[in-house]
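These notes are about the structure you will find just below.
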Amino acid sequence: MFTIFQLLHDLSLTESVLWRQGAEHRYAACNLANGPIQAGVLYLGAPQVWPDAGGETAGFLLLNVPQPPKQLPKGCEAVGLATDEPPAGLFARLQAAAVARLQQDLDRAGWLTRALQARTPAQLMKQAAMMLQNPVILTTASYRVLAMEDGGLSFSDPVWEEAKQTGYCGAESVRLFENENITRQVLQSPGPLVLETGLAARIPRILSKVEAGGRVCAYFGVFQVGRAFTPWDLERTVWVIRTLETMIEPSHLATWDEEAIGDSLIVDLLQGRLQQATLLNDRMRAAGWRPQRNFRCAVLLPDSPEKGIANADYLLHLLRRTLPLCRAVRYQNGLVVLLNFAQEGGLEPYDGLLRQLADEYDLFVGISSEFRRLIRLPLYCGTAREAVRLSRRVAPQRRVTYFCDVMPFAMASRIEPEARTAFEQTKYKILADHDRRHGTGLCQTLQAYIQCGCSTVQAAEKLFLHRNTLSHRLDKIVEISGIDLKNGEELTHFLFSCRLAQWDALCRDEKEE
Numbered sequence: 000m001f002t003i004f005q006l007l008h009d010l011s012l013t014e015s016v017l018w019r020q021g022a023e024h025r026y027a028a029c030n031l032a033n034g035p036i037q038a039g040v041l042y043l044g045a046p047q048v049w050p051d052a053g054g055e056t057a058g059f060l061l062l063n064v065p066q067p068p069k070q071l072p073k074g075c076e077a078v079g080l081a082t083d084e085p086p087a088g089l090f091a092r093l094q095a096a097a098v099a100r101l102q103q104d105l106d107r108a109g110w111l112t113r114a115l116q117a118r119t120p121a122q123l124m125k126q127a128a129m130m131l132q133n134p135v136i137l138t139t140a141s142y143r144v145l146a147m148e149d150g151g152l153s154f155s156d157p158v159w160e161e162a163k164q165t166g167y168c169g170a171e172s173v174r175l176f177e178n179e180n181i182t183r184q185v186l187q188s189p190g191p192l193v194l195e196t197g198l199a200a201r202i203p204r205i206l207s208k209v210e211a212g213g214r215v216c217a218y219f220g221v222f223q224v225g226r227a228f229t230p231w232d233l234e235r236t237v238w239v240i241r242t243l244e245t246m247i248e249p250s251h252l253a254t255w256d257e258e259a260i261g262d263s264l265i266v267d268l269l270q271g272r273l274q275q276a277t278l279l280n281d282r283m284r285a286a287g288w289r290p291q292r293n294f295r296c297a298v299l300l301p302d303s304p305e306k307g308i309a310n311a312d313y314l315l316h317l318l319r320r321t322l323p324l325c326r327a328v329r330y331q332n333g334l335v336v337l338l339n340f341a342q343e344g345g346l347e348p349y350d351g352l353l354r355q356l357a358d359e360y361d362l363f364v365g366i367s368s369e370f371r372r373l374i375r376l377p378l379y380c381g382t383a384r385e386a387v388r389l390s391r392r393v394a395p396q397r398r399v400t401y402f403c404d405v406m407p408f409a410m411a412s413r414i415e416p417e418a419r420t421a422f423e424q425t426k427y428k429i430l431a432d433h434d435r436r437h438g439t440g441l442c443q444t445l446q447a448y449i450q451c452g453c454s455t456v457q458a459a460e461k462l463f464l465h466r467n468t469l470s471h472r473l474d475k476i477v478e479i480s481g482i483d484l485k486n487g488e489e490l491t492h493f494l495f496s497c498r499l500a501q502w503d504a505l506c507r508d509e510k511e512e
């Protein structure tokens with residue numbers, strides 16, 4: 000359906016209007032002023048002829064009539080137009096414009112039919128690509144890709160390729176959008192706009208914001224690849240946007256808040272979808288996240304992977320509420336907690352809570368070493384999981400394990416069994432052989448002494464020995480093995496040799512079982 004002024008606008012004739020009378024109507028067809036006058040039809044009349052408009056809501060476009068008639072027929076709308084164009088030529092152009100308008104209505108009806116069948120943004124994007132005959136993309140307000148559909152078209156574009164590879168619009172592309180003032184234009188524009196310069200010089204694109212819940216929650220883009228854009232494509236883009244806005248509301252995408260953006264950032268890091276530091280910084284800004292400089296990664300794993308974690312949603316809520324600055328997400332068969340703190344080396348407040356949760360919910364917790372570059376989170380998450388795996392083998396009753404406590408076992412597990420003895424310290428072998436022959440336990444004594452920071456007081460308490468007894472044992476150790484108790488490298492090698500032997504014995508026992 001169309002109005003007289005819509006057709007005149009399409010033909011750039013609105014400035015030629017001399018006068019208008021009657022209420023504005025919508026029409027379904029246009030015709031020359033001959034034969035019976037029908038309702039819902041726009042007629043092109045000759046200047047000297049005023050037909051009998053007997054039908055309701057009929058309209059006339061009268062050429063070169065300077066003054067409106069004194070009385071209009073019932074239900075008639077009339078407009079006087081000053082033009083030198085012959086009536087036949089003007090009528091042909093009016094017909095073409097009317098057909099285009101009616102085709103648009105048919106397209107809209109077809110779009111609504113297809114849109115009603117779509118249940119997800121991805122399905123809707125597939126329909127949009129078919130209608131627009133061009134690739135389309137839908138992202139959140141923080142440029143995270145929700146859906147993209149190329150419509151079977153092959154093309155090369157840096158924004159598209161980066162989005163396809165990482166799940167985000169590239170940081171460099173986002174920066175160019177901001178530098179070229181494109182982001183502001185899109186936000187301020189009441190409808191879709193066509194971009195043909197700068198980043199879009201080679202492949203023009205239509206860009207539009209998507210609003211829901213009173214805020215901009217997404218961006219929609221169309222890439223000119225399959226065919227050139229037409230004025231109707233802007234209108235079709237509006238249909239897509241309106242459909243998206245009705246779809247987004249019930250899916251709560253409008254409440255895609257900063258916490259959700261931050262959580263998705265953690266998951267994307269863990270999955271390897273976010274590998275560039277510049278892109279990571281952009282996502283952190285979008286999440287409003289200004290973390291402290293130090294991180295640890297903790298993984299909470301169930302006792303039985305098949306059962307999973309009971310009350311996982313409650314645990315997530317508790318962790319987020321209790322641990323300041325930290326973020327907790329579901330990942331694989333457990334929970335991952337990114338611990339964030341300002342002071343290096345601190346364990347509270349998270350250490351006590353994690354131990355409590357581990358005991359209460361039958362969980363095993365692994366905690367990585369400290370790190371500062373968040374982009375390396377996947378590596379440290381791997382060490383946290385490794386801490387749980389190793390701890391369950393060497394100390395099954397331990398619920399919370401720091402990777403630094405089992406790091407020697409991690410190193411030992413990477414050495415081939417037949418090569419392990421070559422890594423053992425000679426002085427350790429001498430002392431271990433003496434223990435086997437005499438049952439003296441001197442290796443255990445020296446190991447405790449090293450673990451207590453070479454403090455005889457603390458080591459004596461740990462071993463339940465008198466301080467003088469411990470000193471006598473240390474003298475005996477030096478006498479037998481020749482180890483220098485003031486040489487840190489020798490003591491480190493000795494401690495690693497103890498762990499290597501312990502791991503080797505564990506592997507042999509497991510093999511025998």
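Residues in the sequence shown are numbered consecutively from 0, following numbering that gives the first Met the number 0. A virtual CB, placed ideally from N, CA and C, is assigned to each residue, including glycine.
Beta-carbon contacts of residue i that lie in its chain and below 8 Å, excluding the five residues immediately before and after
i, result
"Phe90", "Cys29, Leu31 and Leu43"
"Glu244", "Val209, Glu210 and Ala211"
"Asn310", "Tyr360"
Contact check, residue i vs residue j, beta carbons under 8 Å
i, j, result
"Val336", "Val266", "no"
"Asn332", "Gln291", "no"
"Leu318", "Cys325", "yes"
"Leu152", "Val224", "yes"
"Leu469", "Ala458", "yes"
"Gln37", "Ala57", "yes"
"Ile521", "Ala276", "Outside the displayed range of the chain (0 to 512) lies residue 521, so it cannot be described from this structure."
"Arg282", "Leu273", "yes"
"Leu269", "Leu445", "no"
"Leu233", "Gly190", "yes"
"Ala146", "Leu137", "yes"
"Arg397", "Ser390", "yes"
Integer Cβ distance of residue i from residue j, believed to fall under 8 Å
i, j, result
"Gly365", "Ala297", "7 Å"
"Glu528", "Leu198", "Look at the range of the chain in this structure, 0 to 512, and you will see that residue 528 is not part of it."
"Ala386", "Tyr401", "7 Å"
"Ala96", "Leu6", "5 Å"
"Val78", "Leu60", "5 Å"
"Leu101", "Ala114", "No, Leu101 and Ala114 are not in contact; Cβ-Cβ is about 20 Å, not under 8 Å."
"Lys426", "Gly481", "6 Å"
"Pro67", "Gln103", "Their Cβ separation, rounded to whole angstroms, is 31 Å, which puts Pro67 and Gln103 out of contact at 8 Å."
Cβ neighbour criterion (16 or more within 10 Å) applied to residue i
i, result
"Phe422", "exposed"
"Pro120", "buried"
"Ala140", "buried"
"Asn133", "buried"
"His24", "buried"
"Gln126", "buried"
"Val185", "buried"
"Glu76", "buried"
"Lys208", "buried"
"Thr112", "exposed"
"Asp358", "exposed"
"Arg405", "A quick correction: the sequence has Val, not Arg, at residue 405. When all chains shown are included, Val405 counts as buried."
"Trp255", "Unreliable placement is indicated for Trp255, whose pLDDT of 47 sits below 50; no coordinate value is reported for it."
"Asp312", "exposed"
"Leu105", "exposed"
"Val456", "exposed"
"Phe1", "buried"
"Leu315", "buried"
Cβ neighbours of residue i in the same chain (closer than 6 Å, five flanking residues each side left out)
i, result
"Ile449", "Leu490 and Leu494"
"Arg295", "Leu338, Ile366, Ser367 and Glu369"
"Gln424", "His492, Phe493 and Ser496"
"Phe176", "Thr182"
"Arg174", "none"
"Lys475", "none"
"Leu300", "Gly333, Phe363 and Val387"
"Leu322", "Tyr349"
"Ala394", "none"
Close beta carbons around residue i, own chain, < 7 Å, minus the five adjacent residues each side
i, result
"Arg498", "Pro407, Phe408 and Ala411"
"Ser263", "Arg143"
"Leu194", "Ile181, Pro203, Arg204 and Leu206"
"Arg392", "Leu505"
"Thr13", "Phe4 and Leu7"
"Trp238", "Arg107 and Trp110"
"Arg413", "none"
For the stretch 74 to 162, which segments carrying the beta strand (DSSP E) assignment without a break, of at least 3 residues, lie completely within its bounds, in sequence order?
Listed in chain order, the beta strand (DSSP E) runs fully inside the stretch 74 to 162 are 76 to 80, 135 to 139 and 144 to 148, counting runs of at least 3 residues.
Every unbroken beta strand (DSSP E) within the stretch 165 to 217, with a cutoff of 3 residues, ordered by chain:
Runs of the beta strand (DSSP E) lying entirely within the stretch 165 to 217 and spanning at least 3 residues, in chain order: 192 to 194 and 204 to 211.
Just to confirm the assignment: which complete alpha helix (DSSP H) runs, minimum length 4, are found wholly within the stretch 460 to 491?
With a minimum length of 4 residues, the continuous alpha helix (DSSP H) runs that stay inside the stretch 460 to 491 are 466 to 480.
Contiguous alpha helix (DSSP H) assignments of at least 4 residues, all confined to the stretch 375 to 411
Listed in chain order, the complete alpha helix (DSSP H) runs (minimum 4 residues) inside the stretch 375 to 411 are 376 to 393.
List in chain order: all unbroken beta strand (DSSP E) runs of 3+ residues lying wholly within the stretch 1 to 75.
With a minimum length of 3 residues, the continuous beta strand (DSSP E) runs that stay inside the stretch 1 to 75 are 16 to 20, 28 to 31, 40 to 44 and 58 to 62.
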